[in-house]
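Novice:
In my numbering, the protein residues as written are 14 to 74.
1. Need the endpoints of the alpha helix (DSSP H) that residue 55 sits in, please.
2. Spatial neighbours of residue 60 within its chain, please: CB distance less than 8 Å, with the 5 preceding and 5 following residues excluded, ordered by chain position.
3. Among residues of its own chain, excluding the 5 on either side of residue 14, which ones have a beta-carbon nearer than 8 Å to its beta-carbon?
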């Protein structure tokens, strides 16, 4: 049996399905990674600015 025949008979292993599956997985990972990175960056900047302004406020008062 040729590999092409096996790929044609199994619906999950068809080239279009594999491409869609990998594209979906890549998009999901990409979005999750960038979403978490964005959240971490926003959190860090917020904490940094909070501590900075808190320190300035404490020094001034």
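By construction, the Cβ of each residue, glycine as well, lies at the ideal position given by its N, Cα and C atoms. The model shown is predicted, which means the values in this text are computed figures rather than measured ones.
Specialist: On the basis of the coordinates in this document:
1. Numbered from its first residue, the chain shown carries residue 55 at position 42. Where residue 55 is concerned, the enclosing alpha helix (DSSP H) stretches over 28 to 73.
2. Residue 60 sits at position 47 when you count from the first residue of the chain shown. Contacts found: none.
3. Reading the chain shown from its first residue, position 1 is the one you call residue 14. Note that residue 14 has pLDDT 48, beneath the 50 cutoff, so the model's placement of it is unreliable and no number is given.
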